[in-house]
Amino acid sequence: MNIVIFGPPGAGKGTQSKYIVNKYNLYQLSTGEILRKEIRFKSSLGIQISSIMNSGQLVSDNIVSDLIEKFISNEKFKNRLIFDGYPRNKSQAKNLNNLLNKYNQKIDLVLKLSVSLNVIKKRITGRSVCSICGKIYNEFFNPAPNNAECCASKFLQKRSDDTLDVAITRYETYEKNIETVIDFYKQSNLLKVVNGETSISNINAEISGLINSFKG
Ligand SMILES: [Zn+2]
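Per this note's numbering, residue 472 is the first one in the sequence shown, and the count goes up by one each step.
Here it is as structure tokens:
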């Protein structure tokens, strides 16, 4: 099956994608990753991409589409792709349908990890790292043990507030940008919204349930 996964920064999309990839032997096609790979390879396309990105411009839809087609047309990846970071808008979603159609495939499931901005904020502002052992805690979701020698509050370090502002902007931009593409998939009855505010293992289970029910 082919899956598209959406989730704002901080929603745990990476963790969940990895889980699906391992459990169902799929291949994660992350647009950012394939662009970076092309640049590392220094292919002629990679050199072109690198100069576009260095000048602060966005890589064109055609280039991204060509790169994605390489994977879709490859038998090795047939019906086992997870699209991450693509499509970002309705016209890309239509393009993806056409590409898949060309190779007798389709999108079978669209997952959206849903996390409120409030929870994203708490994940960031509550986060601290023990400067002794490196363990990560969150005062809202996973507080450090009381009176522990090592992870006592005096050893816990927080990140600066800039992180929060950047995260809020990223979240809001992401959600706004994907609105139309989410609607597009909703209309074709492919969209499943997964509550991304529970524990990682709960989210894993919910996603598994959706994939298994699809596979019947
Ligand atoms: Zn510690």
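By construction, the Cβ of each residue, glycine as well, lies at the ideal position given by its N, Cα and C atoms.
Contact belief for residue i with residue j at Cβ below 8 Å, rounded distance in angstroms
i: R559; j: I649; result: 7 Å
i: I653; j: L582; result: Not really, about 11 Å apart at Cβ, beyond 8 Å.
i: C622; j: A615; result: 5 Å
i: L588; j: Y642; result: 6 Å
i: N473; j: K565; result: No, N473 and K565 are not in contact; Cβ-Cβ is about 15 Å, not under 8 Å.
i: Q628; j: S602; result: 5 Å
Beta-ladder partner(s) of residue i, from DSSP
i: Y608; result: S599
i: V475; result: F554, V581
i: V664; result: K583
i: Q628; result: V600
i: I572; result: Before going on, a small fix: residue 572 reads as Asn here, not Ile. Answer is none; N572 lacks a bridge partner.
i: N613; result: N609
Distance cut-off 6 Å: residue i Cβ against heavy atoms of ligand 1
i: I603; result: yes
i: K489; result: no
i: K606; result: yes
Nearest candidate by alpha-carbon position, reference residue i, set the options
i: Y645; options: P479, N473, I474, M472; result: P479
i: I639; options: G483, G667, V590, Q563; result: V590
i: R424; options: T596, S624, N493, K647; result: Given that the chain is displayed from residue 472 to residue 687, the structure contains no residue 424 and the question cannot be resolved.
i: E540; options: S526, R641, Y557, A482; result: Y557
i: F612; options: A564, T669, S585, D579; result: T669
i: I671; options: N569, I520, Y490; result: Y490
i: L538; options: G517, Y574, T634, K494; result: G517
Heavy atom of ligand 3 within 6 Å of residue i beta-carbon
i: I591; result: Absent from the structure shown: ligand 3. Ligands present: ligand 1.
Segments assigned beta strand (DSSP E), at least 3 residues, entirely inside the stretch 531–560
552–555
Ignoring anything shorter than 4 residues or poking outside the stretch 490–532, list the alpha helix (DSSP H) runs there in chain order.
With a minimum length of 4 residues, the continuous alpha helix (DSSP H) runs that stay inside the stretch 490–532 are 502–512, 515–525.
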